[in-house]
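Novice: Before I ask anything, here is the structure I am working with.
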Amino acid sequence: MQGKSHANRRTYRGKGFKDGNLPRNLKVKKKKASKPTENKYEKDDADKEVANHSPQKQSTSSKSTIDTSRKEETVVVNEEYQKIINEIKDVRRKIRNMQESIQLSVNIAQPPIWRDNCLNATLNIVNQWRSIVLYHGTLRYIDSRLDVDSNVDQALDDDENLQSCIEDEQSNSSSLDDDSSISKDERKDESIEIRDLDYPLDVENELCKSTHTEVFGLIQMTMQVGPLKGSNAGYFKRCGKEVASMAKDFLVKCISSQPKATTADESEDIQDGDLISSECQNVCMKELLFTLKQSENIEKWIKDADKAIAANKAPSKSALKLQSSVNTKDMSRKDKRRKGKVK
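The sequence shown begins at 159 in my numbering and counts up by one.
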C-alpha cells in the first residue's frame, strides 16, 4: 500500500526524453525575523544623579583634548626626527661606498694615492658626522605636564570625589569641586623634564651607536690599508716619516675641525702630546660621540705617529717595495709601456 507523500519530498516525474531530471526544489517562505524588543526601562532619579556625577564624560573629553595635542606634537617631532634620520642614513651610505672604494682602489699603497683617495675622502665623512652632531645636539628633553601625564591619578581622584558627592550634601560637593579645580590649576604650572631616548642622536639610541661605530671603523680602516697595510692598525715603525706625517695630519684634523690658535709662549710651554692627551678624549666623545676606548685608540695612533716622525727613519725594504709597487692589471697599454712593462 502506497503511503501518503510528504509535501516537501522530492518525487521523480518522467519528462519524456529527460527522464533522469529531478523537479526543482520547492520554495519555502522564510519567516520574518522578529524585531528585538526595545528596552523601555527608564532611569530613576538616583541613577541620573550618579550618571551626572560620573567622571567618564569628563575623562573622555580631557583624554580627547590630550590625545589631539599629543598627536600634533608627535607629528612635529616625527618630522624633525625623520630629517635627522635621513642625514644619518646619508652618512652611513657614504661609509659603505668608501669601504668598497678602498677595497677596489688600485695602487693605494702609494702614499699620494692613499692620501687623496683614502684619507681626504674619509675626512669629509668624519666632518659631515661632526656637523650633524654639533648642529642637532645629542640630548633632547620632553616637558611633561603633571595633569597630562597622570591620567590614572585623575581618574582615582574623580572616583573619590564621586563617592563623596553621593554621600555628602550638595554644598559640600560644590566646595570639593572648587578645591579640586584650584589644585588642577596649581598642577598645570608644574612640569617634569624627561630624557627622550627615541632621539636619533641620543647616546643610548641604537642608530646613533651603530653610526659612530661605523665612523670609527672607517678611520681604523684607513690606518690599516695602503702603506700601513698589516694586521694591526696604526703601525708606523716601518712606514717612514712621510707616511707617518700624513697619518698624523689626518688624525689631528679628525679630532679637531677648528684648531685653537696658540701664542709662541704657549707653544713652548705645552707640547703637542700634552695637548692631544688633554683634548682628544673630550673632542672625540662630545663631537664624534666615540666611546672612551675608541678615543684612546685614536690618541695612541697620534702618539705613535709622533714617535715615528721624531725617529726620522727611512722606510724598511718591505715598506719601500709595497709603496713603490704598481698594479698593472687595470692599466692601459700606453701606461704599461711608460712603466717599461711592455716592449
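Every residue gets a Cβ at the ideal spot worked out from N, C-alpha and C, and that includes glycine.
1. Whose C-beta lies closer than 8 Å to the C-beta of Gly295 among residues of the same chain, with five residues either side of it excluded?
2. Which runs of the alpha helix (DSSP H) fall wholly inside the stretch 353-394 and span at least 4 residues, in chain order?
3. Output the boundary residues of the alpha helix (DSSP H) element that contains Lys451.
4. Beta-carbon within less than 6 Å of Tyr357's beta-carbon, same chain only, minus the 5 sequence neighbours each way: which residues are those?
5. In angstroms with no decimal places, state the Cα-to-Cα distance between Val410 and Lys471.
6. Determine which residues share a DSSP beta bridge with Tyr299 and list them.
7. Use the C-beta contact count for Leu355: other C-beta atoms within 10 angstroms, 16 or more gives buried, fewer gives exposed.
8. Compute every distance between the C-beta of Val361 and the non-hydrogen atoms of the ligand NAP, then say whether any falls below 6 Å.
9. Excluding the five sequence neighbours on either side, which residues of its own chain have a C-beta within less than 8 Å of the C-beta of Val383, listed in chain order?
10. Please classify Gln240: is it buried, with 16 or more other beta-carbons within 10 angstroms of its beta-carbon, or exposed?
11. Looking at Ala391: is its Cβ nearer than 7 Å to the Cβ of Ala463?
12. With a threshold of 7 Å on Cβ separation, who are the neighbours of Ser453 within its own chain once the five nearest residues in sequence on each side are excluded?
13. Would you grab the beta carbon distance between Ile246 and Thr371 for me? Rounded to a whole angstrom, and I think it's under 8 Å.
14. By the three-class DSSP mapping on this structure, what secondary structure does Asn265 have?
15. Assuming Leu281 is part of the alpha helix (DSSP H), what are its boundary residues?
16. Where does Lys241 fall in DSSP's three states?
17. For Val186, does the three-state DSSP call read helix, strand or coil?
Specialist: Reading from the atomic positions:
1. Leu359
2. 364-380
3. For Lys451, the enclosing alpha helix (DSSP H) begins and ends at Leu450 to Ala469.
4. Arg298
5. 22 Å
6. Arg353
7. So Leu355 counts as exposed.
8. Ligands displayed in this structure: none; no statement on the ligand NAP is therefore possible.
9. Ile260, Ile266, Trp272 and Cys276
10. exposed
11. no
12. Around Ser453: Cys438, Gln439, Cys442 and Met443.
13. Contact annotation, Ile246 with Thr371: C-beta distance approximately 13 Å; criterion of less than 8 Å not satisfied.
14. coil
15. Asn278 to His294
16. helix
17. Correct three-state label for Val186: coil.
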